[in-house]
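These notes concern the structure reproduced below.
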């Protein structure tokens with residue numbers, strides 16, 4: 001096997017094996033920096049050995065054994081006095097009589113969850129959390145993270161170094177938070193995952209391929225989280241939402257690269273595999289019989305669209321009811337505006353306009369082009385063509401991109417024909 | 001990208017020998033680990049060919065043959081669907097699985113998606 005082929009396999013193995021190694025080493029040595037360093041040392045050893053001898057039949061087992069050996073060696077060396085592991089090792093491995101096997105063979109799910117919690121620690125800024133989680137939990141390299149976020153490599157590298165320094169300075173240990181903190185921290189984790197997803201899904205700039213990649217990384221994180229917390233309706237809800245939204249990726253982009261709105265999409269291009277997975281998750285959430293949180297509700301709304309074979313068959317009554325629930329748990333003007341759309345479809349344009357009316361005076365939506373766009377659409381349906389035209393023109397003046405502006409001007413012109 | 005990872009069965013599998021408890025645990029561990037890493041979308045094993053059938057079409061005429069089939073080792077023993085970012089990644093997962101399940105061969109094939117047809 002050529003050196004290049006060996007190196008390529010090692011690069012792939014980093015992606016596949018490093019999250020598991022770092023998670024396990026983290027439990028053993030206590031801190032993130034050392035765990036990552038030991039994982040890197042393990043791969044360095046692999047490069048040297050495998051370039052000479054070829055790749056072993058079971059490289060994953062080789063990496064596990066070697067990393068364990070390096071970790072034990074590191075813990076023992078703490079006696080030299082200069083190793084910063086002195087305190088952490090004392091409270092982990094040593095305290096239990098150096099029962100390394102017990103620690104290393106502990107529950108992988110807990111170790112991975114610990115790694116995710118640590119990467120998404122509230123002490124870190126959101127961009128640091130997403131960079132760290134992609135690097136450590138998805139096994140991306142720093143250049144890959146930089147490419148995914150369209151950010152210079154040096155910026156991402158700095159961000160990661162600073163994040164790890166912050167965690168070390170605050171003495172954040174590599175462990176699962178207590179049950180009381182668990183729910184709160186899970187919220188933070190879900191937020192990071194959905195942030196990464198939206199960064200890819202709603203991207204307005206950059207290479208489309210790269211952004212699709214980002215959606216898939218978030219989806220993979222969501223699948224991990226759902227496997228780690230299989231009875232948490234919100235984790236399942238986040239995953240269901242992402243599976244269903246990802247199913248539409250191919251259909252939501254027109255031939256010219258423009259966005260195609262949900263109701264205009266060619267549904268035969270929706271990915272049936274992902275929809276099936278999303279709908280199965282919805283069934284699992286229902287079986288848990290908990291109170292639905294924001295992700296579960298958004299997933300249920302997405303599922304209504306996924307179940308409709310054509311836009312005309314959409315169950316707007318159910319969507320309107322789900323939006324009623326959503327404004328209760330996450331009250332926000334934007335959610336309220338979306339509710340107006342659903343209510344308008346379910347109960348008639350006038351009912352929708354009643355919800356829109358008080359939103360017009362909110363400063364938060366004063367320059368939000370979708371407010372007049374939605375109002376215009378409802379007015380148009382209600383036969384209020386002059387008002388609709390004014391709203392569409394207002395939406396055009398507020399729209400950020402040329403595509404939206406053109407659409408709004410077109411709709412305003414259609415209204416003018418009606419009102420003439 | 002989705003890959004279908006198919007393992008070939010051994011003569012023992014074809015003969016209906018149930019995997020040892022140790023092996024069952026190892027397979028279960030692998031499946032769990034693959035789920036925890038977010039790549040396993042699903043998978044199943046299949047029974048020996050004595051419980052199956054084959055539909056053969058020659059020049060438009062159809063013949064249905066009941067199992068078992070002679071060439072046991074050339075038959076699929078099960079499959080898994082993985083969602084990974086490269087063929088190399090799928091191969092590494094398949095390598096692990098091959099060693100655990102004790103098969104002599106695993107095929108890794110990319111699943112055709114809508115974008116591939118356009």
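Protein chains in written order, with the numbering used here: chain A, 1 to 420; chain B, 1 to 118. Ideal Cβ positions, reconstructed from N, Cα and C, are used throughout, including at glycine. From a predicted model like this one, the values you see are computed outputs, not experimental measurements.
Check: Measuring CA to CA, which of 378/A, 418/A, 213/A and 371/A is closest to residue 395/A?; Outcome: 371/A
Check: Within 10 Å of its beta-carbon, does residue 295/A have 16 or more other beta-carbons around it, so buried, or fewer, so exposed?; Outcome: buried
Check: Would residue 181/A be called buried (16 or more neighbouring beta carbons within 10 Å of its own) or exposed?; Outcome: exposed
Check: Interface residues of chain B around residue 250/A at Cβ under 9 Å?; Outcome: 113, 114, 115 and 118
Check: Near residue 56/A, which residues of its chain fall below 8 Å by C-beta distance, leaving aside the five closest residues on each side in sequence?; Outcome: 50 and 62
Check: Is it the case that the segment 32-42 of chain B contacts the segment 220-229 of chain A, given that we only count it when at least three CB pairs across the two stretches are under 8 Å?; Outcome: yes
Check: Is the Cβ-Cβ distance between residue 27/A and residue 174/A less than 9 Å?; Outcome: yes
Check: Looking at the C-beta of residue 38/B, does it have a partner C-beta in chain A at a distance below 9 Å?; Outcome: yes
Check: With a threshold of 8 Å, are at least 3 pairs of Cβ atoms found where one atom belongs to the segment 46-65 of chain B and the other to the segment 394-410 of chain A?; Outcome: no
Check: With residue 81/B as the anchor, note down where its beta strand (DSSP E) starts and where it stops.; Outcome: 76-83
Check: Which same chain residues end up closer than 6 Å to residue 14/B when comparing Cβ atoms and leaving out the 5 residues on each side of it in sequence?; Outcome: 48 and 72
Check: May I ask you to report which of helix, strand or coil DSSP gives residue 399/A?; Outcome: coil
Check: Where does residue 194/A land, buried or exposed, given buried means 16+ other C-beta within 10 angstroms?; Outcome: buried
Check: What's the gap between the Cα of residue 495/A and the Cα of residue 187/A?; Outcome: Because chain A in this structure spans residues 1 to 420, residue 495/A falls outside the shown range and cannot be described.
Check: Among 52/B, 70/B and 75/B, which has the Cα closest to the Cα of residue 64/B?; Outcome: 52/B
Check: For residue 4/A, which of helix, strand or coil comes out of DSSP?; Outcome: helix
Check: Would you please verify whether the beta carbon of residue 44/B is less than 9 Å from any beta carbon of chain A?; Outcome: no
Check: DSSP three-state call for residue 38/B: helix, strand or coil?; Outcome: coil
Check: Taking buried to mean at least 16 other C-beta atoms within 10 Å of its own C-beta, is residue 386/A buried or exposed?; Outcome: exposed
Check: Would you check if the distance between the CB atom of residue 301/A and the CB atom of residue 326/A is smaller than 9 Å?; Outcome: yes
Check: Can you tell which of 310/A, 112/A and 391/A has the C-alpha that lies nearest to the C-alpha of residue 408/A?; Outcome: 391/A
Check: Apart from the five residues just before and just after residue 59/A, which ones in its own chain have a Cβ nearer than 7 Å to its Cβ?; Outcome: 13
Check: According to the neighbour-count rule (16 or more other Cβ atoms, all chains shown, within 10 Å of its Cβ), is residue 245/A buried or exposed?; Outcome: buried
Check: Between which two residues does the alpha helix (DSSP H) containing residue 69/A stretch?; Outcome: 59-76
Check: Mind checking if residue 9/B is an interface residue toward chain A, Cβ cutoff 9 Å exclusive?; Outcome: no
Check: Helix, strand or coil for residue 175/A, going by three-state DSSP, please let me know.; Outcome: coil
Check: Measuring only between beta-carbons, confirm whether residue 109/A sits less than 9 Å from chain B.; Outcome: yes
Check: Exposed or buried, residue 313/A, counting other C-beta atoms within 10 Å across all chains shown (16 or more means buried)?; Outcome: exposed
Check: Could you pull the DSSP bridge partners for residue 265/A from this structure?; Outcome: Note: residue 265/A sits in no beta bridge, so no partner.
Check: In the DSSP assignment, find the unbroken beta strand (DSSP E) run with residue 53/B in it and report its ends.; Outcome: 53-58
Check: Starting from the beta carbon of residue 224/A, find every residue of chain B whose beta carbon is closer than 7 Å, and list them in chain order.; Outcome: 36, 37 and 38
Check: Going by C-alpha to C-alpha distance, which of 331/A, 32/A and 380/A sits closest to residue 168/A?; Outcome: 32/A
Check: Does DSSP classify residue 240/A as helix, strand or coil?; Outcome: helix
Check: Apply the 10 Å Cβ neighbour rule to residue 19/A and answer buried if 16 or more other Cβ atoms are within range, or exposed otherwise.; Outcome: buried
Check: Please classify residue 418/A as buried or exposed, where buried requires at least 16 other C-beta atoms within 10 Å of its C-beta.; Outcome: exposed
Check: Can you find the residues in the same chain that come closer than 6 Å, C-beta to C-beta, to residue 236/A, ignoring five residues on each side of it along the sequence?; Outcome: 226, 281, 284 and 285
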